[in-house]
Amino acid sequence: MLYKYKGNPIIKPEDVKPSLEGYKVLGAFNPGATRFKDEILLLLRVAEGCESKAGFIRAPVYRFDKEQSYPDIMEFEKDDLDVSLKDTRGVVYKGQDYLSTISHIRL
Numbered sequence: 001m002l003y004k005y006k007g008n009p010i011i012k013p014e015d016v017k018p019s020l021e022g023y024k025v026l027g028a029f030n031p032g033a034t035r036f037k038d039e040i041l042l043l044l045r046v047a048e049g050c051e052s053k054a055g056f057i058r059a060p061v062y063r064f065d066k067e068q069s070y071p072d073i074m075e076f077e078k079d080d081l082d083v084s085l086k087d088t089r090g091v092v093y094k095g096q097d098y099l100s101t102i103s104h105i106r107l
């Protein structure tokens, strides 16, 4: 028989450092552990969004430059006529969709 660990969750969003200043960790889930040589490695899915900023709508993005990628923040003024909120999952700016959250696997 399997028993659920009573101390769950073992990793909470506040235990995980954001990828970028201005990001906030919203979720830390789907962990998996493995042994590699003499180490135990933990893989963790991390969901992040942007901290709020008065007068702006912010979206987390990844930039790609010279075969490198890095996290960044898109900012749109709330009163910009080219900005429309789809729902809580994203924003549209000049016909381009931006998600309000991103997730990635962290080691």
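Residue numbers for the sequence shown follow UniProt numbering, beginning at 1 and rising by one.
Ideal Cβ positions, reconstructed from N, Cα and C, are used throughout, including at glycine.
Original post:
Cα-Cα, which of L20, S84, I105, P13 is closest to D97?
Top reply: S84
Shortest alpha-carbon distance to R106 belongs to which of I10, L41, K37? L41
#### Entry: Cβ pair E39, K24 closer than 8 angstroms
no
Exercise. Measure the C-alpha to C-alpha separation of N8 and F29 and round it to an integer number of angstroms.
Key: 11 angstroms
Q | Residue from L2, P31, K6 with nearest C-alpha to V16 | A | P31
**Asked** Just curious, the beta strand (DSSP E) that M74 is in, first and last residue?
**Response** 68-77
- [ ] For the beta strand (DSSP E) holding Y62, just list the boundary residues, first then last.
- [x] 56-65
According to DSSP, simplified to helix, strand and coil, what is Y51?
Per the sequence shown, residue 51 should be read as Glu rather than Tyr. E51 falls in the coil class under three-state DSSP.
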